[in-house]
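Which chain is which? The protein sequence lines are A and B, in order. Each residue of the first sequence is one higher than the one before, starting from 1 at the first, in our numbering. Each residue of the second sequence is one higher than the one before, starting from 1001 at the first, in our numbering. Glycine is no exception: its CB is placed at the ideal position from the N, C-alpha and C atoms. Written below as structure tokens is the structure these notes are about.
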Amino acid sequence: MKDQERSATQLIEEQRATINELQTPVIEVWDGILALPIVGSVDTARAQDMNERLLDRIIQTRSEIVILDITAVPVVDTAVAKHLLETVSSARLLGAEVLIVGLSSKTAMTLVHLGLDLGGVITRTTLAKGLELAFERLGLRVVASESSRDGRQS
Amino acid sequence: MARVPIIRVGDILLATIQEDLHDSDALAMQEALTTQLERTGARGVLLDFTTVQTVDSFLGRMLNDVVAAIRLLGATTVVVGIQPAVAVTLVELGLELKGIQTALDAERGMRLLGMGIDTNRRHR
Chain A
1 MKDQERSATQ
11 LIEEQRATIN
21 ELQTPVIEVW
31 DGILALPIVG
41 SVDTARAQDM
51 NERLLDRIIQ
61 TRSEIVILDI
71 TAVPVVDTAV
81 AKHLLETVSS
91 ARLLGAEVLI
101 VGLSSKTAMT
111 LVHLGLDLGG
121 VITRTTLAKG
131 LELAFERLGL
141 RVVASESSRD
151 GRQS
Chain B
1001 MARVPIIRVG
1011 DILLATIQED
1021 LHDSDALAMQ
1031 EALTTQLERT
1041 GARGVLLDFT
1051 TVQTVDSFLG
1061 RMLNDVVAAI
1071 RLLGATTVVV
1081 GIQPAVAVTL
1091 VELGLELKGI
1101 QTALDAERGM
1111 RLLGMGIDTN
1121 RRHR
């Protein structure tokens, strides 16, 4: 009985670790650009873990821009906003610029009603727009290749 | 003599902050930086934090103060090489260095101060 209990606890621990791993992937989307797609709710422990991973990756990849994608965060309340702002501030201290993308109209209104204007943080509605801005900051431009341009015309 | 050497490179003063800086050393650095700035008329200051692994509230506040003083003297400060743990501590202390320019390393910091070494590659 004890053994069963122990293995069950162990299983839960393992699964929790797996979920934690899955929760916070830091993706290098381009040379110098990191993206952090946040899925689900953000609590203090998760925010800290996320922040640590992100900061380490910034150093590792020498990235200049970080895109925080909050598309899949269901509710952005004061606590979540505080965590986001802490991430923004600490990444900025390392010398990286942070863009928050994936704000829905609902999130925007919630933030405004809560009196949180995310002062000074650059925000965009979609990851694509954030990426476009990131490219611009790095002096890069995305252009269609000749063949695809021809294809579109015909 | 303070433990923080201040080197002048062109128009820029370069200060490399060593690990476990004592309060008195920090104050000495603050003093030395501002007096040198006044004397040389440098237009930029690069503070290198690469080797600093821990900060306390005193050092954090000193950093804010020295940057404010440098600004009053008409120069720009770029803080470079802040380590993740240091960044987290500073944010927790509420010392987010708002309005201070930061860069990942000295090279990029120099570029921010307009003293970029002309390399063909932007990264690495």
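What number of angstroms, rounded off, separates the C-alpha of residue i from the C-alpha of residue j?
i	j	result
Gly130 of chain A	Ile100 of chain A	8 Å
Val1055 of chain B	Asp3 of chain A	46 Å
Arg92 of chain A	Glu5 of chain A	45 Å
Ser1024 of chain B	Ala1075 of chain B	24 Å
Glu13 of chain A	Asn20 of chain A	10 Å
Met50 of chain A	Leu1027 of chain B	35 Å
Val1045 of chain B	Pro1005 of chain B	13 Å
Ile38 of chain A	Ile1007 of chain B	43 Å
Gly115 of chain A	Ser7 of chain A	47 Å
Met1110 of chain B	Pro25 of chain A	32 Å
Arg57 of chain A	His83 of chain A	18 Å
Arg16 of chain A	Ser41 of chain A	15 Å
Gly120 of chain A	Ser89 of chain A	10 Å
Across which residues does DSSP place residue i in a beta bridge pair?
i	result
Ala35 of chain A	A:Ile27, A:Ile67
Gln1101 of chain B	B:Val1078
Asp1048 of chain B	B:Thr1016, B:Val1080
Ile100 of chain A	A:Leu68, A:Thr123
Arg1008 of chain B	B:Leu1013
Given 7 Å as the limit, tell me if residue i has its C-beta closer than that to any heavy atom belonging to the ligand NAD.
i	result
Leu133 of chain A	In terms of ligand content, the structure shown is empty, and the ligand NAD therefore cannot be addressed.
With burial defined as no fewer than 16 other Cβ atoms inside 10 Å of the residue's Cβ, what is the status of residue i: buried or exposed?
i	result
Arg1122 of chain B	In this prediction, Arg1122 of chain B has a pLDDT of 47, which is less than 50 and means its spatial position is unreliable; what the coordinates show is noted afterwards. With fewer than 16 other Cβ atoms within 10 Å, it is exposed.
Thr78 of chain A	exposed
Thr32 of chain A	It should be noted that the sequence gives Gly, not Thr, for residue 32 of chain A. Buried, because 16 or more other Cβ atoms sit within 10 Å of the Cβ of Gly32 of chain A.
Thr1035 of chain B	exposed
Gly102 of chain A	buried
Arg1039 of chain B	exposed
Can you list, in chain order, the residues of its chain with a C-beta nearer than 8 Å to that of residue i? Leave out the 5 residues immediately preceding and following it.
i	result
Gln1053 of chain B	Glu1019, Gln1083, Ala1085, Val1086
Ile59 of chain A	Leu94
Val142 of chain A	Glu132, Phe135
Please go through the same chain and pick out, in chain order, the residues whose beta-carbon is closer than 7 Å to the beta-carbon of residue i, but skip the five residues on each side of it.
i	result
Leu1112 of chain B	Val1078, Gln1101, Ala1103
Val1066 of chain B	Gln1030, Leu1033
Val76 of chain A	Ile70, Thr107, Thr110, Leu111
Taking residue i as the reference, give the member of the options with the closest Cα.
i	options	result
Gly1041 of chain B	B:Phe1049, B:Asn1064, B:Val1009, B:Lys1098	B:Val1009
Ser63 of chain A	A:Thr110, A:Val98, A:Leu133, A:Val112	A:Val98
Gln1030 of chain B	B:Leu1046, B:Leu1063, B:Arg1043	B:Leu1063
So, at 6 Å on beta carbons, what are the nonlocal neighbours of residue i in its own chain, with the 5 sequence-adjacent residues on each side left out?
i	result
Thr1016 of chain B	Asp1048
Ile27 of chain A	Ala35
Leu1093 of chain B	Ser1057, Gly1060
Met1001 of chain B	Bear in mind that a pLDDT of 44 at Met1001 of chain B, under 50, signals an unreliable position, so the model cannot answer this.
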